[in-house]
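Numbering (the UniProt record's numbering), first residue to last: 1 to 143.
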């Protein structure tokens, strides 16, 4: 099984989100998604989020600042989805240009080139971060 993370970073007002125009995998090329990636050997999901956020957009965060939102599974893969409210809407500094363009986007106007699940995952994350009314969400994709 392959293990990945996906994270949504909100500004303090929770009106804007960091999204990345993906270059890989090929099926995501040109599409907007949250930050994240493949877990390294021995790495926890939240440690992966801290590393990927630093690598992909130059934002440093602590593991304790991330909230686990959901688990997505399908076939031989699992994605742990996390949310984080930034202390300030700091400028994005792409540490790895080959990864894709990263920027802040208005949640009310997420561009059409976002992956199809991004808009509702963003709202799911926003609800959990703001209201803390659900414990866990599992999303199972068919093969």
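Every residue gets a Cβ at the ideal spot worked out from N, C-alpha and C, and that includes glycine.
Note that this is a predicted model, so its numbers are computed, not measured.
Along the chain, where does the alpha helix (DSSP H) containing residue i start, and where does it finish?
i, result
"residue 123", "118 to 131"
Roughly how many angstroms separate the alpha carbons of residue i and residue j, rounded to a whole number?
i, j, result
"residue 2", "residue 49", "16 Å"
"residue 25", "residue 10", "24 Å"
"residue 174", "residue 69", "Nothing can be reported for residue 174, as the shown portion of the chain is limited to 1 through 143."
"residue 142", "residue 116", "15 Å"
"residue 63", "residue 51", "10 Å"
"residue 108", "residue 123", "10 Å"
"residue 74", "residue 27", "16 Å"
"residue 37", "residue 77", "12 Å"
"residue 71", "residue 57", "23 Å"
"residue 39", "residue 130", "27 Å"
Between which residues of its own chain and residue i is the CB-CB distance below 6 Å, once the five residues before and five after are set aside?
i, result
"residue 119", "110"
Smallest Cα separation from residue i: which of the options?
i, options, result
"residue 13", "71, 106 and 19", "106"
"residue 144", "89, 35 and 80", "Outside the displayed range of the chain (1 to 143) lies residue 144, so it cannot be described from this structure."
"residue 83", "115, 53 and 100", "53"
"residue 34", "5, 40 and 71", "5"
"residue 66", "58, 47, 137 and 55", "47"
"residue 29", "101, 55, 39 and 89", "101"
"residue 18", "131, 132, 88 and 136", "88"
"residue 139", "121, 126 and 132", "121"
"residue 16", "132, 137, 125 and 136", "125"
"residue 61", "104, 132 and 86", "86"
"residue 59", "132, 136 and 8", "8"
Looking only at its own chain, which residues have a Cβ that is under 8 Å from the Cβ of residue i, when we skip the five neighbours before and after it?
i, result
"residue 191", "Any question about residue 191 goes unanswered here, given that the chain covers just 1 to 143."
Please work out which residues of its chain come closer than 7 Å, Cβ to Cβ, to residue i, disregarding the five sequence neighbours upstream and downstream, and give them in chain order.
i, result
"residue 134", "128"
Checklist entry - Where in the UniProt domain "Nudix hydrolase" (8 to 111) do unbroken runs of the beta strand (DSSP E), each at least 3 residues long, occur, reported from the N-terminal end onward? => result 16 to 21, 67 to 74, 77 to 85 and 102 to 106
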